[in-house]
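What follows is a single structure, written as structure tokens, with notes after it.
There are 2 protein chains.
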Amino acid sequence: MSNKLIDSFIKVRSAASLLSATSDNERKLALKGMADAIMSAKAEIFAENAKDLEAAKANGTPDAVLHRLAFSEDKLSSVTKGIQELCQLQDPIGRTREKRELDPGFILEKRTFPIGVIGMIFEARPDALVQIASLALRSGNGIILKGGREAANTNRKLVEVIQKATSGFSFGKDWILGIESHEDVDALLKAEGYVDLLIPRGSNAFVRYVMDNTRIPVIGHADGLCTTYVDEYADLEKILPACVDAKIQYPAACNATETFLVHEKIAETFLPMLDRALSDRNVMIHAEKAILPLMPHAVEATEQDFHTEYLALECAVRTVASVQEAVEHIQSHGSHHTDAIMTQNKNNADYFVSKVDSADVFVNCSTRFADGFRFGLGAEVGIATSKLHARGPVGLDGLMTTKWILTGNGETVAEYSGANGKPFHHKELQI
Amino acid sequence: MSNKLIDSFIKVRSAASLLSATSDNERKLALKGMADAIMSAKAEIFAENAKDLEAAKANGTPDAVLHRLAFSEDKLSSVTKGIQELCQLQDPIGRTREKRELDPGFILEKRTFPIGVIGMIFEARPDALVQIASLALRSGNGIILKGGREAANTNRKLVEVIQKATSGFSFGKDWILGIESHEDVDALLKAEGYVDLLIPRGSNAFVRYVMDNTRIPVIGHADGLCTTYVDEYADLEKILPACVDAKIQYPAACNATETFLVHEKIAETFLPMLDRALSDRNVMIHAEKAILPLMPHAVEATEQDFHTEYLALECAVRTVASVQEAVEHIQSHGSHHTDAIMTQNKNNADYFVSKVDSADVFVNCSTRFADGFRFGLGAEVGIATSKLHARGPVGLDGLMTTKWILTGNGETVAEYSGANGKPFHHKELQI
Numbered sequence: 008m009s010n011k012l013i014d015s016f017i018k019v020r021s022a023a024s025l026l027s028a029t030s031d032n033e034r035k036l037a038l039k040g041m042a043d044a045i046m047s048a049k050a051e052i053f054a055e056n057a058k059d060l061e062a063a064k065a066n067g068t069p070d071a072v073l074h075r076l077a078f079s080e081d082k083l084s085s086v087t088k089g090i091q092e093l094c095q096l097q098d099p100i101g102r103t104r105e106k107r108e109l110d111p112g113f114i115l116e117k118r119t120f121p122i123g124v125i126g127m128i129f130e131a132r133p134d135a136l137v138q139i140a141s142l143a144l145r146s147g148n149g150i151i152l153k154g155g156r157e158a159a160n161t162n163r164k165l166v167e168v169i170q171k172a173t174s175g176f177s178f179g180k181d182w183i184l185g186i187e188s189h190e191d192v193d194a195l196l197k198a199e200g201y202v203d204l205l206i207p208r209g210s211n212a213f214v215r216y217v218m219d220n221t222r223i224p225v226i227g228h229a230d231g232l233c234t235t236y237v238d239e240y241a242d243l244e245k246i247l248p249a250c251v252d253a254k255i256q257y258p259a260a261c262n263a264t265e266t267f268l269v270h271e272k273i274a275e276t277f278l279p280m281l282d283r284a285l286s287d288r289n290v291m292i293h294a295e296k297a298i299l300p301l302m303p304h305a306v307e308a309t310e311q312d313f314h315t316e317y318l319a320l321e322c323a324v325r326t327v328a329s330v331q332e333a334v335e336h337i338q339s340h341g342s343h344h345t346d347a348i349m350t351q352n353k354n355n356a357d358y359f360v361s362k363v364d365s366a367d368v369f370v371n372c373s374t375r376f377a378d379g380f381r382f383g384l385g386a387e388v389g390i391a392t393s394k395l396h397a398r399g400p401v402g403l404d405g406l407m408t409t410k411w412i413l414t415g416n417g418e419t420v421a422e423y424s425g426a427n428g429k430p431f432h433h434k435e436l437q438i
Numbered sequence: 008m009s010n011k012l013i014d015s016f017i018k019v020r021s022a023a024s025l026l027s028a029t030s031d032n033e034r035k036l037a038l039k040g041m042a043d044a045i046m047s048a049k050a051e052i053f054a055e056n057a058k059d060l061e062a063a064k065a066n067g068t069p070d071a072v073l074h075r076l077a078f079s080e081d082k083l084s085s086v087t088k089g090i091q092e093l094c095q096l097q098d099p100i101g102r103t104r105e106k107r108e109l110d111p112g113f114i115l116e117k118r119t120f121p122i123g124v125i126g127m128i129f130e131a132r133p134d135a136l137v138q139i140a141s142l143a144l145r146s147g148n149g150i151i152l153k154g155g156r157e158a159a160n161t162n163r164k165l166v167e168v169i170q171k172a173t174s175g176f177s178f179g180k181d182w183i184l185g186i187e188s189h190e191d192v193d194a195l196l197k198a199e200g201y202v203d204l205l206i207p208r209g210s211n212a213f214v215r216y217v218m219d220n221t222r223i224p225v226i227g228h229a230d231g232l233c234t235t236y237v238d239e240y241a242d243l244e245k246i247l248p249a250c251v252d253a254k255i256q257y258p259a260a261c262n263a264t265e266t267f268l269v270h271e272k273i274a275e276t277f278l279p280m281l282d283r284a285l286s287d288r289n290v291m292i293h294a295e296k297a298i299l300p301l302m303p304h305a306v307e308a309t310e311q312d313f314h315t316e317y318l319a320l321e322c323a324v325r326t327v328a329s330v331q332e333a334v335e336h337i338q339s340h341g342s343h344h345t346d347a348i349m350t351q352n353k354n355n356a357d358y359f360v361s362k363v364d365s366a367d368v369f370v371n372c373s374t375r376f377a378d379g380f381r382f383g384l385g386a387e388v389g390i391a392t393s394k395l396h397a398r399g400p401v402g403l404d405g406l407m408t409t410k411w412i413l414t415g416n417g418e419t420v421a422e423y424s425g426a427n428g429k430p431f432h433h434k435e436l437q438i
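Heads up: the sequence lines are chains Z and S, in that order. Per the working numbering: the first sequence = residues 8 to 438. Per the working numbering: the second sequence = residues 8 to 438.
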């Protein structure tokens with residue numbers, strides 16, 4: 008690893024340490040300064056973005072990627088609105104999560120603190136850079152950013168604008184660092200001791216590559232094979248729009264539904280409704296053979312279809328005989344991301360919620376709601392599909408660690424030990 | 008991996024799934040049954056333990072290891088008492104951590120659920136086996152246990168007794184599995200998809216080996232180079248016993264203090280006090296050269312002494328000019344485990360708590376309090392020194408993951424999107 012890069016990482020850590028000790032107010036002011044600076048520099052940012060878009064078009068980049076790459080007025084207003092919302096959330100630093108008296112005057116607290124320095128590798132989406140940077144600043148963490156190379160000019164300008172906007176604050180500008188090359192990413196993966204957490208976003212293969220090539224803890228944002236199960240007790244008219252929304256509202260998203268399971272008792276009523284609603288919106292339907300007569304617009308599904316994350320206007324449909332069978336299907340085919348049940352039956356909803364082992368388990372709404380903004384987390388750095396630390400949309404909370412703080416008056420373990428030792432009274436205190 | 012072992016792991020997962028859906032009451036009854044069965048079988052257990060002890064002695068095993076290996080009446084009563092305490096803690100399953108209304112009648116909850124199947128590799132301590140098994144049962148997790156080989160006979164008997172005690176419950180006996188050989192451990196490390204979390208305890212080298220040889224998430228319980236800093240504003244008479252306790256109460260523990268930092272302004276008063284108190288208890292003191300005249304029982308310290316986890320009646324001592332210097336020393340020499348400040352000055356205590364980046368940061372008490380039982384967590388599976396998921400003593404909470412549960416009435420993302428979309432009102436609800 009180049010010494011220059013190590014020096015940069017060390018600078019991020021020093022600035023992060025200062026940032027972690029700032030007041031709520033200073034971080035809010037810095038965020039407002041950041042939003043203002045981005046608004047003021049929008050002509051320059053758009054000019055850099057135009058360069059990136061032109062180069063991407065010349066390279067034959069697909070439309071979906073171009074759409075994400077474009078940093079428009081719309082996205083600008085959305086990210087600055089996001090920053091305002093972040094400022095309205097409670098300060099995530101120093102919050103007491105547990106408080107317990109071990110003995111009179113001997114108080115244990117579990118309090119939140121920033122993790123330290125976070126390395127984030129993400130797709131070519133300049134609006135995501137602003138979101139991630141603002142989450143890092145609000146949560147008191149240093150951030151090292153590597154965005155998709157198609158956005159290199161836009162990202163460079165954004166980091167420059169953000170650094171300038173915060174340079175007058177007590178923690179300075181070095182809490183945020185942009186890196187660009189493949190070599191820099193390899194150095195980031197090797198930066199154990201300098202970086203506390205890596206958050207890679209992208210394909211499963213890429214997330215796996217990161218996990219296999221670093222000793223730094225990783226929160227993986229991997230694929231989403233999401234399923235919506237329509238139970239025999241569903242209110243079909245009410246939930247049909249949510250089923251359609253789950254598929255079509257943004258099919259390229261990881262929280263879009265790929266598979267519909269329908270209880271066989273309602274198949275004759277619901278499958279024609281679903282067939283019509285989805286085919287009207289140009290969704291290609293892969294249905295199991297037995298239900299093809301009920302879904303005239305469908306083609307016959309293969310077993311592989313039920314293991315496929317289409318990320319497109321395409322879905323797989325089959326029937327199940329019970330909520331138990333639906334859960335089994337999801338456990339063996341899904342990706343533990345987001346799954347929904349449509350039902351008016353509380354027992355079935357409870358069973359589904361308890362048994363489906365996914366980050367997000369929804370009842371009677373679209374799987375597309377799995378999102379940090381919609382959840383009220385103040386944006387997200389990703390949606391975690393692993394079970395440790397953070398699960399589902401990762402907002403401010405996922406960027407915090409905790410410390411146990413024990414405050415006493417000279418207590419010794421010896422006096423609480425052995426047959427005649429004092430007992431602990433372990434009294435929970437109001438937080 | 009042998010098919011037989013995979014089959015066993017699958018059985019653990021099936022039983023864990025049943026266990027995760029049991030009532031608080033059933034798990035409490037099972038724990039009581041487990042405690043009773045261990046008491047009833049104590050003659051058999053002690054007989055197996057005697058075999059292990061005899062073999063270990065014949066192999067020239069060190070006294071400290073023999074001491075941990077012995078499963079005495081004392082330890083038996085301590086683990087059964089631990090089980091009773093676990094039963095008194097609130098059910099960890101299904102607890103609501105966050106609750107928010109996204110819009111009227113559209114409710115988001117973050118609720119706790121068991122992680123699934125946990126693989127635990129630990130030292131030759133039969134009492135630890137019972138503690139870990141009872142934490143797993145209380146938290147609704149399946150557990151695969153590999154204890155130190157010196158305890159093989161005792162462990163085999165304990166697992167047998169525990170399995171028999173729970174076989175009559177709805178989840179059966181297969182939630183707990185004991186494995187023994189090196190090959191079994193290698194299979195465990197490769198069991199991605201069957202095992203959700205590994206918790207290795209042991210040397211740093213061993214924990215590192217596990218992390219480097221598995222794709223399963225790991226909570227590492229690594230070394231503890233703990234420091235106690237005595238500030239210029241300490242109440243010296245009051246805190247001297249806590250300093251001594253931190254060193255001598257159980258020197259082989261990871262939370263024993265290895266280094267004392269003393270503010271130079273109180274060095275002339277406090278160092279002779281510390282010298283006397285520690286040398287009276289047979290502690291070998293390594294002091295920096297400049298303070299040797301104040302610590303007549305000390306030998307001169309090398310720089311290496313301040314990087315050493317003695318795990319014995321030995322410590323290193325130096326002075327610092329400020330609380331800032333103390334924090335810098337701890338950040339560069341410590342292991343982010345447990346560090347303490349002794350002071351009556353609230354600003355210095357706050358600074359220390361905010362800046363020392365360790366799992367446990369204590370004020371005016373012994374570092375030896377870093378422990379799940381003492382913290383009121385109902386025992387611990389280990390003390391995590393990493394910053395993600397669980398930090399410090401890992402009790403029931405560390406064995407839980409969460410799910411986001413969103414319950415609505417057919418809501419679509421489309422209706423909340425775009426210029427005319429409904430806003431979310433994100434109203435926090437009482438938990």
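All C-beta atoms, glycine included, are put in the ideal place defined by N, C-alpha and C. Here the structure is a predicted model, which means the values were calculated and not measured.
- Of all residues in the stretch 375–394 of chain Z, only R375, F376, R381, F382, G383, S393 and K394 place a beta-carbon less than 7 Å from a beta-carbon of chain S.
- Along the stretch 210–227 of chain S, going in chain order, the ones with a CB nearer than 9 Å to a CB of chain Z are R215, M218, D219, R222, P224 and I226.
- The C-beta of E80/S comes no closer than 8 Å to any C-beta of chain Z.
- Taken in chain order, the whole alpha helix (DSSP H) runs of length 4 or more contained in the stretch 106–159 of chain S are 133–146.
- N416/Z is not a Cβ neighbour of G123/Z, given a cutoff of 8 Å.
- Take the alpha-carbon of A356/S and the one of I298/S: they are about 25 Å apart.
- Cβ neighbours of T87/Z within its own chain (closer than 7 Å, five residues either side excluded): A42, I45 and M46.
- For the beta strand (DSSP E) assignment, the uninterrupted runs of no fewer than 3 residues enclosed by the stretch 266–346 of chain S are, from N- to C-terminal side, 291–294 and 321–327.
- The C-beta of C261/Z comes no closer than 8 Å to any C-beta of chain S.
- By the neighbour-count criterion, in which 16 or more other beta carbons inside 10 Å mark a residue as buried, A241/Z falls on the buried side.
- Looking at the DSSP output, K410/Z bridges to R118/Z.
- By the Cβ criterion, the stretch 385–397 of chain Z is not in contact with the stretch 279–287 of chain Z, since fewer than three pairs of Cβ atoms, one from each stretch, lie closer than 8 Å.
- Taking each of A260/Z, S210/Z, G425/Z and K272/Z in turn and checking the Cα distance to C233/Z, the smallest one comes out for A260/Z.
- Looking at the DSSP output, G175/S sits in no beta bridge, so it has no partner there.
- Counting the other CB atoms within 10 Å of its CB gives L436/S a total below 16, which places it among the exposed residues.
- Looking from the CA of K180/Z, the closest CA among I206/Z, I151/Z and L196/Z belongs to I151/Z.
- DSSP places T87/Z within a helical segment (H, G or I) once states are collapsed to three.
- Identification of chain S residues near W411/Z by a Cβ-Cβ cut-off of 8 Å yields A366, D367, V368, A377, F382, R398, G399 and P400, ordered along the chain.
- Boundaries of the alpha helix (DSSP H) harbouring Y358/S: K353 to K362, taken from the DSSP string.
- I45/S carries a helical assignment under DSSP once its states are collapsed to helix, strand and coil.
- A contact is defined here as three or more CB-CB pairs under 8 Å, and the stretch 225–239 of chain S meets this definition with respect to the stretch 257–274 of chain S.
- With respect to the 8 Å criterion, A377/Z and D367/Z are classified as neighbours on the basis of their beta carbons.
- S85/S and S424/Z have their alpha carbons spaced roughly 12 Å apart.
- Shortest Cα-Cα distance from A62/S to any of A158/S, P258/S and I337/S involves A158/S.
- Residue pairing by DSSP puts H228/Z in a beta bridge opposite R208/Z.
- Around L96/Z, the same chain offers G385 and L403 as residues with beta carbons nearer than 7 Å, after the five sequence neighbours per side are excluded.
- Taking a cut-off of 8 Å for Cβ pairs, the stretch 166–183 of chain S and the stretch 191–211 of chain S do not touch, as fewer than three such pairs fall below it.
- Its chain contains E321 as the residues whose beta carbon lies nearer than 6 Å to that of M291/S, once the 5 sequence neighbours on both sides are disregarded; these appear in chain order.
- Taking the Cα positions, V306/Z is about 19 Å away from T235/Z.
- For the 8 Å CB-CB criterion, S373/S and V420/Z form a contact.
- Within the DSSP secondary-structure output, D367/Z pairs in a beta bridge with T345/Z and W411/S.
- Contact of E33/S with chain Z is not assigned, every C-beta pair being separated by 8 Å or more.
- Relative to the Cα of E418/Z, the nearest Cα in the group E55/S, A391/S, A347/S and V137/S belongs to A347/S.
- For K245/Z, the closest Cβ of chain S is nearer than 8 Å.
- Between F120/S and E33/S, the gap from beta carbon to beta carbon reaches 8 Å or more.
- Nearest in C-alpha terms to P279/S, of all of H293/S, F267/S, S329/S and L301/S, is L301/S.
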